[in-house]
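Enquirer:
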Amino acid sequence: MKSWIIPVVLFIPYAFFGARYYTCHVKNACGVAAEEVVTTPEEQQVNSPITFNWSSDEPILKDEESMLQSIAKDLKDGQVVQITGQYFSDENNETAYENLGQARAERVKELLSEQMEPQNIRTASDLVDGTEQDHQGPFESVVFSVVDVDVNKAEVLKLKDKVVILFPDGSTTKEPNEVIDNYLDQLAEELKNSNRTVELIGHTDMMGDSKSNYKLGLRRAKNIRDYLRKKGVSRKAIVTKSMGEKDPVATNDTPEGRHQNRRVEIIVK
Numbered sequence: 001m002k003s004w005i006i007p008v009v010l011f012i013p014y015a016f017f018g019a020r021y022y023t024c025h026v027k028n029a030c031g032v033a034a035e036e037v038v039t040t041p042e043e044q045q046v047n048s049p050i051t052f053n054w055s056s057d058e059p060i061l062k063d064e065e066s067m068l069q070s071i072a073k074d075l076k077d078g079q080v081v082q083i084t085g086q087y088f089s090d091e092n093n094e095t096a097y098e099n100l101g102q103a104r105a106e107r108v109k110e111l112l113s114e115q116m117e118p119q120n121i122r123t124a125s126d127l128v129d130g131t132e133q134d135h136q137g138p139f140e141s142v143v144f145s146v147v148d149v150d151v152n153k154a155e156v157l158k159l160k161d162k163v164v165i166l167f168p169d170g171s172t173t174k175e176p177n178e179v180i181d182n183y184l185d186q187l188a189e190e191l192k193n194s195n196r197t198v199e200l201i202g203h204t205d206m207m208g209d210s211k212s213n214y215k216l217g218l219r220r221a222k223n224i225r226d227y228l229r230k231k232g233v234s235r236k237a238i239v240t241k242s243m244g245e246k247d248p249v250a251t252n253d254t255p256e257g258r259h260q261n262r263r264v265e266i267i268v269k
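Under my numbering, think of the first position of the sequence shown as 1, with each following residue one higher.
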């Protein structure tokens, strides 16, 4: 037998029993099945300097000043900053506002007003999907956008789960607008080539009486419906309704706020 074989043969049982001894007498794991190690993910880090807790309109701040200063500095003539507060249907709203999204936006507006003129800031709210279980801890709930604004012209705002078309004062018609028309053309193609439907909800400001505003909101929704019908969308795929003045997303005390409330919400289902 070759000389190197003998040490190898002797080492194998030594190694086996050595490992066995370490497992049984040192680790106390002899005869114990291996357990799956379950690790909990680290708490999600939220990078936004402004966050909120569930059912709260109290902003949680972290180095927010530089961001707000940057927004104010970059604003040009003819532009406003829109703060859209997001909220969830399951949240408890104990504020004086219509919903928590509006309350959150207004609280952040107070902060931004320290950096710029309040009349250059407008607020809105957006109902989004989610549950309390999905938001165990501070979460982002405000969206900043810079908008070219003219209260005498129609506008289009794209939110998370809807598109909003804004109307001039007292108007029921959609003015020719490349951005709006492009969106509605794309929507028409989507509806024609799928089983999806669209809900058009007309809204107004609070100028005038509630009965007239209901009719005005409905005419606005039907105006968008007629545009889609001309593009070949089936009548069965379109639902129109009016909320009149009942569901404002902004204050009715300013021209900018009333402009935001004069709208048609477009929700694809």
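The beta carbon of each residue, even a glycine, is placed where N, CA and C say it ideally should be.
Just list the residues that DSSP pairs ASP126 with in beta bridges.
Expert: As a working note, residue 126 is residue 126 in the sequence shown. DSSP output for ASP126 lists GLN86 as bridge partner(s).
Enquirer: Can you give me the C-alpha to C-alpha distance between LEU216 and SER125, rounded to a whole angstrom?
Expert: Stepping through the sequence shown from its first residue, residue 216 is reached at position 216. Stepping through the sequence shown from its first residue, residue 125 is reached at position 125. Each residue's alpha carbon lies about 22 Å from the other.
Enquirer: In whole angstroms, what is the alpha-carbon distance linking SER55 and ASP134?
Expert: Translated into positions along the sequence shown, residue 55 becomes position 55. Translated into positions along the sequence shown, residue 134 becomes position 134. When rounded, the distance between both Cα atoms is 13 Å.
Enquirer: Which residue's Cα is closest to the Cα of THR197: ASP185, ALA221 and VAL239?
Expert: Within the sequence shown, numbered from 1, the residue matching residue 197 stands at position 197. Comparing Cα-Cα distances from THR197 to each of ASP185, ALA221 and VAL239, the minimum goes to VAL239.
Enquirer: Identify every residue that forms a DSSP beta bridge with SER56.
Expert: The residue labelled residue 56 in the question sits at position 56 within the sequence shown. DSSP output for SER56 lists no bridge partner at all.
Enquirer: Here's a check: name, in chain order, each residue in its chain whose Cβ is nearer than 7 Å to the Cβ of VAL80, leaving out the five neighbours to either side.
Expert: Residue 80 sits at position 80 when you count from the first residue of the sequence shown. Taken in chain order, the residues that qualify are ASN120, ILE121, ARG122, VAL147, VAL149 and GLU256.
Enquirer: ASP253: buried (16+ other C-beta within 10 angstroms of its C-beta) or exposed?
Expert: In the sequence shown, the residue the question calls residue 253 occupies position 253. Under this definition ASP253 is an exposed residue.
Enquirer: Spatial neighbours of SER66 within its chain, please: C-beta separation below 6 Å, excluding the five flanking residues on both sides.
Expert: The residue given as residue 66 occupies position 66 in the sequence shown. Closer than 6 Å at Cβ, skipping near neighbours: no residue.
Enquirer: Closest by CA to ALA250, which one among THR84, PHE88 and ILE266?
Expert: Walking along the sequence shown from the start, residue 250 turns up at place 250. The shortest Cα separation from ALA250 among THR84, PHE88 and ILE266 belongs to THR84.
Enquirer: Going by the CB atoms, is the gap between VAL233 and LEU191 shorter than 7 Å?
Expert: Residue 191 sits at position 191 when you count from the first residue of the sequence shown. Residue 233 sits at position 233 when you count from the first residue of the sequence shown. Closer than 7 Å, so yes.
Enquirer: Could you tell me how far apart the beta carbons of ILE224 and ILE165 are, in whole angstroms, since I believe they sit closer than 8 Å?
Expert: Residue mapping note: residue 224 aligns to position 224 of the sequence shown, counting from 1. Residue mapping note: residue 165 aligns to position 165 of the sequence shown, counting from 1. Going by Cβ atoms, the distance from ILE224 to ILE165 rounds to 7 Å, so yes, they are a contact pair.
Enquirer: Does the separation of the CB atoms of LYS241 and ILE201 fall below 7 Å?
Expert: Counting from 1 along the sequence shown, the entry for residue 241 is found at position 241. Counting from 1 along the sequence shown, the entry for residue 201 is found at position 201. Yes.
Enquirer: Can you tell me whether DSSP reads MET243 as helix, strand or coil?
Expert: Counting from 1 along the sequence shown, the entry for residue 243 is found at position 243. Correct three-state label for MET243: strand.
Enquirer: What are the residues that DSSP puts in a beta bridge with ARG263?
Expert: Within the sequence shown, residue 263 is the residue found at index 263, counting from 1. According to DSSP, which records beta bridges pairwise, ARG263 is partnered with LEU166 and HIS203.
Enquirer: Drop a sphere of 10 angstroms on the beta-carbon of ASP205, count the other beta-carbons inside from all chains shown, and report buried for 16 or more, exposed for fewer.
Expert: As a working note, residue 205 is residue 205 in the sequence shown. Buried: at least 16 other Cβ atoms inside 10 Å.
Enquirer: Determine which residues share a DSSP beta bridge with ILE238 and list them.
Expert: The sequence position of residue 238 within the sequence shown is 238, counting from 1. Its beta-bridge partners are VAL198.
Enquirer: Assuming contact is defined by CB atoms lying nearer than 7 Å, are LEU100 and GLU106 in contact in what I supplied?
Expert: Here residue 100 refers to the residue found at position 100 of the sequence shown. Here residue 106 refers to the residue found at position 106 of the sequence shown. The answer is no: Cβ separation not under 7 Å.
Enquirer: Could you give the first and the last residue of the continuous alpha helix (DSSP H) run that contains SER212?
Expert: Here residue 212 corresponds to residue number 212 of the sequence shown, with the count starting at 1. Unbroken alpha helix (DSSP H) run through SER212: 210-230.
Enquirer: Could you check which residue in VAL142, MET243, GLU117 and LEU127 has the C-alpha nearest to that of GLU64?
Expert: Here residue 64 refers to the residue found at position 64 when the sequence shown is read from its first residue. Per the Cα distances, VAL142.
Enquirer: Quick check: the Cα distance between ASP57 and MET116, rounded to an integer number of angstroms?
Expert: The residue you call residue 57 lines up with position 57 of the sequence shown. The residue you call residue 116 lines up with position 116 of the sequence shown. If I take the Cα positions, the gap works out to 22 Å.
Enquirer: Which of the three DSSP states, helix, strand or coil, is assigned to LEU76?
Expert: By 1-based counting over the sequence shown, the position of residue 76 is 76. Per the sequence shown, residue 76 should be read as Lys rather than Leu. In the structure shown, LYS76 sits in coil (DSSP, three-state: anything other than H, G, I, E or B).
Enquirer: Quick check: what's the CA-CA separation for GLN69 versus ILE60?
Expert: Counted from its first residue, the sequence shown places residue 69 at position 69. Counted from its first residue, the sequence shown places residue 60 at position 60. Cα-Cα distance, rounded: 18 Å.
Enquirer: Within the continuous beta strand (DSSP E) that includes VAL233, where are the two ends?
Expert: As a position in the sequence shown, residue 233 is number 233, starting the count at 1. Careful: VAL233 lies outside any beta strand (DSSP E) and carries neither H nor E.
Enquirer: Taking the straight line between their C-alpha atoms, what separation do you get for LYS73 and ILE267?
Expert: Within the sequence shown, the letter at position 73 stands for residue 73. Within the sequence shown, the letter at position 267 stands for residue 267. Between LYS73 and ILE267, the C-alpha separation is close to 34 Å.
Enquirer: What do you get for TYR21, buried or exposed, if any count of 16 or more other CB atoms within 10 angstroms of its CB means buried?
Expert: For the purposes of this step, residue 21 is taken as residue 21 along the sequence shown, with counting starting at 1. Here TYR21 scores only 45 on pLDDT, less than 50, and its place in the model is too uncertain to base an answer on.
Enquirer: Alpha carbon to alpha carbon, how far is GLU140 from ASN93?
Expert: In the sequence shown, the residue the question calls residue 140 occupies position 140. In the sequence shown, the residue the question calls residue 93 occupies position 93. Taking the straight line joining both Cα atoms gives about 17 Å.
Enquirer: If you measure between the beta carbons of VAL179 and ALA221, is that distance less than 7 Å?
Expert: Sequence index remark: in the sequence shown, residue 179 carries index 179 (1-based). Sequence index remark: in the sequence shown, residue 221 carries index 221 (1-based). No, the Cβ-Cβ distance between VAL179 and ALA221 is not below 7 Å.
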